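Okay, so here's the structure we're looking at.
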Amino acid sequence: MRLTEKRSIWQIIKPHLLVFDAQLTLIVFLIVSTGLITLYSAGIDFPGRVEDQMRNVLVSFAIMWIFANVPPQTLMRFAVPIYTVGVALLVAVAAFGMIKKGARRWLNVGVVIQPSEIMKIAMPLMLAWFFQKRQGMLRWKEFAVAAVLLLIPVGLIAKQPDLGTAILVGAAGFYVIFLAGLSWKVLVGLAVAGGASLPVVWSLLHDYQRARVMTLIDPSADPLGKGFHIIQSTIAIGSGGVAGKGWLHGTQAHLEFIPERTTDFIFAVFSEEFGLIGNCILLVLFLLLIGRGMIIAANAPTFFSRLLAGAITLIFFTYAFVNMGMVSGILPVVGVPLPFISYGGTALVTLGLGAGILMSIQRHRKLVQT
20 MRLTEKRSIW QIIKPHLLVF DAQLTLIVFL IVSTGLITLY SAGIDFPGRV
70 EDQMRNVLVS FAIMWIFANV PPQTLMRFAV PIYTVGVALL VAVAAFGMIK
120 KGARRWLNVG VVIQPSEIMK IAMPLMLAWF FQKRQGMLRW KEFAVAAVLL
170 LIPVGLIAKQ PDLGTAILVG AAGFYVIFLA GLSWKVLVGL AVAGGASLPV
220 VWSLLHDYQR ARVMTLIDPS ADPLGKGFHI IQSTIAIGSG GVAGKGWLHG
270 TQAHLEFIPE RTTDFIFAVF SEEFGLIGNC ILLVLFLLLI GRGMIIAANA
320 PTFFSRLLAG AITLIFFTYA FVNMGMVSGI LPVVGVPLPF ISYGGTALVT
370 LGLGAGILMS IQRHRKLVQT
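With the sequence shown counted from 1, adding 19 to any position gets you the working numbering.
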């Protein structure tokens, strides 16, 4: 194109509009659609819930589009400020945060926010930046510093207490450290040390957290109390059989036996209505999501973007694995939503932000190649 040739408005805005990775967008769209269909059934007694979720989805896709336009280099420049602000807000929560249902997790800064949500993205950003700056000279000292950077926010979040978010933030940071080249010998050593420290960890848990672990071991010990969630969700999953009872025909959900059926336990509703076949299809969709994310990570042009893309992808895996595990009765109940399916705005925004970063990494890799 000659210098004197004027570009049309479409030519100017086109690169900023068509930023979505086609494969990743299709997979997310299919999972979100599955979630809305399930939520319609699960939330039939909650008027307006589907409409609210559709608004949340639109906000999530808007966030996804915004971050798909942000170059990875820009994200790297903001990694330290975002992490610093996030930790400062967590300290503020510990000092004078709002208490709801016995937990101090929220902060009123004109609007009520939950700073721990910031760390789900700030943590992998910070550690990816840290390892990028030290690429080629990674020794045990660097991994020790990274561990400290990880343990500070995880400890503050666990103290609130918010074990579910602490697990997600800890996993996000661990994935970056692992992908940066943490030795398997160190991992084995950490596993042994973790096993040896279980009595200490047990003594530090809150009473309700200990109860969740004991309920996992024997939910029948308190079938109408602490074991009610697990017992009813596993009944729902088992009663779905191979083909399920059919959409809108789940008895456990519509007779209100499944608690939190639109949020943390929506997988039980899906399993009851769509059965083993539906679960297999959903698992394939999540595997496709994770596979696409790992392909983007493998093809990323810089160490920073590879670590960040890999960690975000494995966060998606952690969300799905922990949620399905706790609903199925093989993991303790920790309050982790099923990604892109459970009702809730905060989780959807966080997930949309993560997907947008993946798309940014893929898009700017193509721009560099061209």
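Just so it is clear, CB atoms sit at the ideal spot from N, CA and C, and this is done for glycine as well.
None of these values were measured; they are calculated from a predicted model.
Item: Alpha-carbon spacing of residue 316 relative to residue 223, whole angstroms; Value: 37 Å
Item: Whole-Å CB distance - residue 53 paired with residue 333, under 8 Å assumed; Value: Going by Cβ atoms, the distance from residue 53 to residue 333 rounds to 22 Å, so no, they are not a contact pair.
Item: Which residues DSSP lists as bridging residue 122, in chain order; Value: 119
Item: Residue nearest to residue 124 in terms of C-alpha spacing, selected from 81, 173, 83; Value: 173
Item: Residue 275 to residue 263 span [Cα, whole Å]; Value: 18 Å
Item: Inter-residue CB distance, residue 232 and residue 351 (contact presumed, cutoff 8 Å); Value: 5 Å
Item: Buried versus exposed call for residue 194 [16 or more other C-beta atoms within 10 Å across all chains shown]; Value: buried
Item: Per-residue DSSP class, three states only, for residue 77; Value: helix
Item: Neighbour-count burial assignment, residue 152, 16 or more Cβ in a 10 Å radius; Value: exposed
Item: Residue 207 - containing alpha helix (DSSP H), residue span; Value: 203 to 215
Item: Own chain residues within Cβ distance below 7 Å of residue 76, not counting five before or after; Value: 51, 367
Item: C-beta atoms of residue 150 and residue 322 nearer than 8 Å; Value: yes
Item: Burial state of residue 342 (16 or more Cβ within 10 Å); Value: buried
Item: Range of the contiguous alpha helix (DSSP H) that encloses residue 194; Value: 182 to 198
Item: Pairwise C-alpha distance: residue 70 and residue 90; Value: 33 Å
Item: Among 311, 372, 377, 221, the one whose alpha carbon lies nearest that of residue 136; Value: 372
Item: Selected residue, minimal CA-CA separation from residue 110, among 44, 157, 133, 211; Value: 133
Item: Residue(s) in a DSSP beta bridge with residue 9; Value: No answer is possible for residue 9: it lies beyond the span of the chain, which begins at 20 and ends at 389.
Item: Where residue 85 falls: helix, strand or coil (DSSP); Value: helix
Item: Pair within 8 Å by beta-carbon distance, residue 290 and residue 256; Value: yes
Item: Extent of the continuous alpha helix (DSSP H) run through residue 42; Value: 41 to 61
Item: Length at least 4, wholly inside the segment 270 to 318: the alpha helix (DSSP H) runs in chain order; Value: 270 to 273, 285 to 318
Item: Three-state secondary structure (DSSP) of residue 390; Value: There is no way to answer for residue 390, as the model of the chain reaches only from 20 to 389.
Item: Nonlocal neighbours in the same chain, by C-beta distance under 7 Å from residue 87, ignoring five residues either side; Value: 38, 39, 375, 378, 379, 382
Item: Boundaries of the alpha helix (DSSP H) in which residue 135 is found, first to last residue; Value: 135 to 152
Item: In DSSP terms, what residue 127 is bridged to; Value: 131
Item: Residue 360 burial status per 10 Å Cβ neighbour count (16 or more: buried); Value: buried
Item: Residue 230 versus residue 180: straight-line alpha-carbon distance, rounded; Value: 14 Å
Item: Neighbourhood of residue 42 by C-beta, 6 Å cutoff - its chain only, sequence neighbours within 5 removed; Value: 311
Item: Where residue 263 falls: helix, strand or coil (DSSP); Value: coil
Item: As assigned by DSSP and simplified to three states, the class of residue 321; Value: coil
Item: Run of the alpha helix (DSSP H) containing residue 160, from where it starts to where it stops; Value: 159 to 177
Item: C-alpha distance - residue 147 paired with residue 241, whole-angstrom precision; Value: 44 Å
Item: Simplified DSSP state of residue 362, which is helix, strand or coil; Value: coil
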